[in-house]
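Visitor: Take 16 as the starting number for the sequence shown in my numbering and just add one per residue.
Glycine residues also receive a C-beta, built at the ideal position from the N, C-alpha and C atoms.
Note that the structure is a prediction, hence the values are computed from the model and not measured.
Here's a structure for you.
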Amino acid sequence: MIRHGASRAAAEADLQSHTITRWFGADSVDSTPDVVTMSLRSAGWVLVCSDGLWNYASTTQQLGELVAEAVAGGRADPTEIAGWLVDWANVQGGHDNITAALARFEPSLR
Numbered sequence: 016m017i018r019h020g021a022s023r024a025a026a027e028a029d030l031q032s033h034t035i036t037r038w039f040g041a042d043s044v045d046s047t048p049d050v051v052t053m054s055l056r057s058a059g060w061v062l063v064c065s066d067g068l069w070n071y072a073s074t075t076q077q078l079g080e081l082v083a084e085a086v087a088g089g090r091a092d093p094t095e096i097a098g099w100l101v102d103w104a105n106v107q108g109g110h111d112n113i114t115a116a117l118a119r120f121e122p123s124l125r
């Protein structure tokens, strides 16, 4: 919806915002994934998550603040931080499947 011009607030409030539009599997109409390449220039975290987490923190700023909160709470291991993010989303209501994968990125010195 956002890709077609809807505001973030309107898209997130729409009753069909959680309609599955594409999937992988034997009955998939189009199983070609969308692939995006990004160049990372500074140290940080790379987070891949499902809408179960995204539903409760849908901006990069909110997600970054959550990761920073987890780190400030003494978590350093990516798996531990990802688990904390899943737990946080469950506390918010956990109304969808929640998945988070996290990796630390450190740029090379070359």
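1. Look at the alpha carbon of L78 and the alpha carbon of A41, and state the distance between them as a whole number of angstroms.
2. With V51 as the anchor, note down where its beta strand (DSSP E) starts and where it stops.
3. Quick check on the burial criterion: 16 or more other C-beta atoms within 10 angstroms. Buried or exposed for N70?
4. Between which two residues does the alpha helix (DSSP H) harbouring W38 extend?
5. State yes or no: is the beta carbon of G88 nearer than 8 Å to at least one beta carbon in chain B?
6. Determine the extent of the beta strand (DSSP E) in which R119 is found, giving its start and end residues.
7. Beta strand (DSSP E) containing L62: first to last residue?
8. Where does V44 sit, in a helix, a strand or coil, going by DSSP?
9. How many angstroms separate the CA atom of V63 from the CA atom of A21?
10. On a CA-only basis, which of V106, V51, N105, L81 is nearest L126? Give me that one, please.
Guide: Quick answer:
1. 33 Å
2. It is not in any beta strand (DSSP E) - V51 carries neither H nor E in the DSSP assignment.
3. buried
4. W38 -> no alpha helix (DSSP H), and no H or E assigned at all.
5. Reference to chain B is not applicable here, since this structure consists of a single protein chain.
6. 115-120
7. L62: member of the beta strand (DSSP E) spanning 59-64, first to last residue.
8. coil
9. 23 Å
10. Since the displayed the chain opens at 16 and closes at 125, residue 126 lies outside it and no answer follows.
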